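Before any comments, here is the structure.
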Amino acid sequence: MDFIIEFFKTNFTKEVAVFILAMLPIIELRGAIPVGLSLGIPYKETFLISFIGSSLPAIPIIFLIGFVFKLLRHIGFFDRLITKISEKTLSKKEQIDKYGYIGLWLFVAIPLPGTGIWTGSLLSHLLGMKKIPSLIAVVLGNLTAGFIVSAISGGIMLLF
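In this text, residue positions in the sequence shown follow the working numbering: the first is 205, and each later residue adds one.
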C-alpha cells in the first residue's frame, strides 16, 4: 500500500491521487479517506472526493458488466476468471437474498473488506436485481460506509 501511495503522491495532486485510489477495487472509499486525511486534505473535501471517486465505478459495473461478461466468456482464461469472481461474489449473497435492496445497501454500508461498491454492484448483477434500484442501494451504502470510515478515521487522526 505504501508503494501505491508514494506513486500517486509523486505523479498527481493529492486530490487526484485520492480520487483515483477511491475508484480502485479493494481500496475504494474505505482506503481513500484515511489516505486523504493523512495527506492533509481537509475532512469534508476528502470525504467528497472519496465518495464520488468510489461511487463512479458502480455505473459501468451495474449497467455493462453483463455485456462484458458475455463477450469475455468466449475466451477460456476470462471464462475461468469470471467464474471464479462470480463464485466468490455469490458466496456473500445470503443477506441480499433475505433483505433485497436494503440488504444490498447494508452489505455495501458495512466497511469491511470485500463488501464495497465493486462487490455490491457485481452481486446485484449476479442476483439479477433491477439496475436503477441497485445503483441507488450501492451508492447509499457507499455514502453510509463513507460516514463510518470518516468518523473512525477522523477520530484516529485526532489521537495523533
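Backbone N, C-alpha and C fix where the C-beta goes; we use that ideal spot for every residue, glycine too.
Because the structure is a prediction, the values reported are computed rather than measured.
In its own chain, which residues sit with a C-beta less than 7 Å from the C-beta of Ile266, not counting the 5 before and 5 after it?
Ser325, Ser328, His329, Lys335, Ser338 and Leu339
DSSP on Ser295, reduced to helix/strand/coil?
coil
So what does DSSP say about Arg277, is it helix, strand or coil?
In the structure shown, Arg277 sits in coil (DSSP, three-state: anything other than H, G, I, E or B).
What separation, rounded to the nearest whole angstrom, lies between the Cα atoms of Ser297 and Val312?
The identity of residue 297 in the sequence shown is Lys, whereas the question assumes Ser. Each residue's alpha carbon lies about 12 Å from the other.
Is there a Cβ of chain B sitting closer than 8 Å to that of Gly345, yes or no?
Among the chains in the structure shown there is no chain B, since it carries only a single protein chain.
Pull up the distance between the alpha-carbon of Thr323 and that of Ile300, whole angstroms please.
12 Å
Same chain only: Cβ atoms within 7 Å of Ser242, ignoring 5 sequence neighbours per side
none
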